[in-house]
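Colleague: Taking this note's numbering, the leading residue of the sequence shown gets 708, the next gets one more, and so forth.
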Amino acid sequence: MDAKLSKDGRITSVDVSKAFGLGRQKVSGVFTKYRNDYPQNMRHDVHEKCYVRGDDFEAVLLINVSPEEYLNAVSVVFCEQQN
708 MDAKLSKDGR ITSVDVSKAF GLGRQKVSGV FTKYRNDYPQ NMRHDVHEKC YVRGDDFEAV
768 LLINVSPEEY LNAVSVVFCE QQN
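Encoded structure:
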């Protein structure tokens, strides 16, 4: 979540589902846990139908790796090309 929010400023359930092969219900649980643990990091944008980076965002889950490096690693593992 931190990597995608840091890099793109937004994240969708489709992003998480495609990256990690999770079903809709599991993705919903991941979003709920992240929002409960780090409420300042993202908020739901009803018009864009996604979560966007919060004003007080702080990447708490990325340690010693850039958002780009993490997303590239995920794409290698799941055989997807990241933009």
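Glycine is no exception: its CB is placed at the ideal position from the N, C-alpha and C atoms.
Taking 8 Å as the cut-off, does the region 761 to 772 touch the region 725 to 737 (at least 3 CB pairs, one atom from each stretch)?
Modeller: The region 725 to 737 vs the region 761 to 772: no contact.
Colleague: For Tyr741, report the span of its alpha helix (DSSP H) as first-last.
Modeller: Residues 731 to 744.
Colleague: Please classify Ala780 as buried or exposed, where buried requires at least 16 neighbouring CB atoms within 10 angstroms.
Modeller: Answer is exposed; the Cβ neighbour count stays below 16.
Colleague: Take the Cβ of Asn743 as the centre, count every other Cβ of all protein chains shown within 10 Å, and call the residue buried at 16 or more, exposed below.
Modeller: By the neighbour-count rule (16 or more Cβ atoms within 10 Å), Asn743 is not buried but exposed.
Colleague: Under the three-state reduction of DSSP, which class applies to Val767: helix, strand or coil?
Modeller: Reduced to three states, the DSSP call for Val767 is coil.
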